Structures are given as C-alpha cells and as structure tokens.
Amino acid sequence: MIYIMVGFFSTLYNGIINVIYFTRFFNNNIINRKCALDKLKKNKKSDSSHPPINTEIKYSRVRLINVSGSQVGIYSASEALKIADQEGLDLVTINDKSDPPVCRIVDYGKYKFAQEKKAKEAKKKQHHASLKEVKMRYKIEAHDYQVRINQALRFLQAGNKVKATITFRGREIQHSDLAIELLKKMALDLSNVAEIQQQPSRDGKHMIMILTSKKT
C-alpha cells in the first residue's frame, strides 16, 4: 500500500513539474514572438523614411525621368517599373508633391549613398552665427585700428556677426560724433565682406554697431 501511494505521489509530482515546464515554455514563446514582432515593426518604421521605390510605388501615373536625368513622359507606375527592370535598375520617387508624382530610374544603392553624402556635407556647412565683439576707443592709433579690422575680418569670414563697440570715459561722451565716424569708417573698410545690420547707436556709455557677413 505504501509503495502504491509513493508511486501515485511521484507520478502526480512529475505531472505538476511537466505542467509548470510547458507553461513556462509556452509563455516564453509568446514573449519571444512579441519581441520579434515589436522589432519588425520598429524596423519597418525606420525604413519608412526612404521614398517609395519599385513595387512600393502605388500611384496610377508617374512622370518618368530616365537614368541620364532626361524627362521621357508620363507612364503608369507598372509601365515605368517595367522599363526600370529592363535596364536592371530601380524606380525611385523623387517628388511626390507634383501632379503626377515624379519618379526616376536609378541604381538605388548608389542614389541612397549620394543622398546621404549630400546630407552630411550640408550638415557640415551649417553654421550658427554667434555675435563676436571688437572693442576700441574713439581715439585709436592706426596700427591698433588695423588690428581691430583684421580681428573683425576673421570673425566675419567664419560666418559670425561682429559687434563693434566704442567705450566712452567721463566727458568723452561729448565726442560721440567722432565715434560714429570711426564706426562708419570700419563698415566701409569691411564693405567687401560685410554689411551693416545695426547702424551706429548709443547704448549708455557705449557706441555700438553690428556688422554681418554679406550673403553670397
């Protein structure tokens, strides 16, 4: 009788262990599948940044540009894709705002690389202009004045704005007209690279003028 009971409980214990094991296995499969689906959705979302290409193009008509960049006419999307396939190339949407949308026949790998390179170069060229200050007195020696001109020139060529400041001491404020003349002379001497953004004006004990690089 004891052996029978031991065998019964042993079988029952093993059954419970198996149920727990398969429950965990089933739950892990569900979790893994959910993670895989989430990852797939995330990848699809990140890929959506590229323009519609090949079979992703669902427009009824497209304006087709060939591989050399010449416009060849208006075709159905399927016809345009067939032409691209015949040339062993891809059909890429380059302007979906026009009517009909514009598509071009290209090697998409090379096209994507060129677009990314262009974007990187444009980012490098971006420059947030900051305001650099050049200080001087209204009575300044020619050599010191030239030093200030060279300093302002470097700032302007780097794409920055220049705040030219003349500071008055005591009764020097009476000679503000001389300070204005000096600032206008500076603007004239830098006129090949700069233009006046803010005309000479008094600011307390200072006379200031702001120059900005000329737009090319």
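Sequential numbering from 897 applies to the sequence shown in my numbering. Backbone N, C-alpha and C fix where the C-beta goes; we use that ideal spot for every residue, glycine too. Fair warning: this is a prediction, and the values are worked out from it, not measured in the lab.
Exercise for the section: Evaluate serine 1109 with the Cβ neighbour count: other Cβ atoms within 10 Å of its Cβ, from every protein chain shown; 16 or more gives buried, anything less gives exposed. Expected result: buried
Handout entry: Range covered by the alpha helix (DSSP H) that runs through glutamine 1094
Key = From DSSP, glutamine 1094 is part of no alpha helix (DSSP H) but of the beta strand (DSSP E) over 1090-1099.
Handout entry: Neighbourhood of isoleucine 1045 by C-beta, 8 angstroms cutoff - its chain only, sequence neighbours within 5 removed
Key = Met1082, Asp1085 and Leu1086
Exercise for the section: Drop a sphere of 10 angstroms on the beta-carbon of asparagine 1088, count the other beta-carbons inside from all chains shown, and report buried for 16 or more, exposed for fewer. Expected result: exposed
Exercise for the section: Pick helix, strand or coil for aspartate 986, following the three-state DSSP scheme. Expected result: strand
Exercise for the section: Please report how far the alpha carbon of arginine 1000 lies from the alpha carbon of alanine 1054, in whole angstroms. Expected result: 38 angstroms
Handout entry: Alpha-carbon spacing of phenylalanine 922 relative to isoleucine 953, whole angstroms
Key = Note that phenylalanine 922 scores 46 on pLDDT, short of 50, meaning its location in the model is unreliable; the coordinates nonetheless yield the value given after this. Each residue's Cα considered, the two are about 40 angstroms apart.
Exercise for the section: Return the residue from the list Leu1027, Asp1073, Met1103 and Thr1063 that minimises the CA-CA distance to leucine 1052. Expected result: Leu1027
Practice task
With a 10 Å radius around its C-beta and 16 neighbouring C-beta atoms as the bar for buried, classify valine 963 as buried or exposed.
Solution key: exposed
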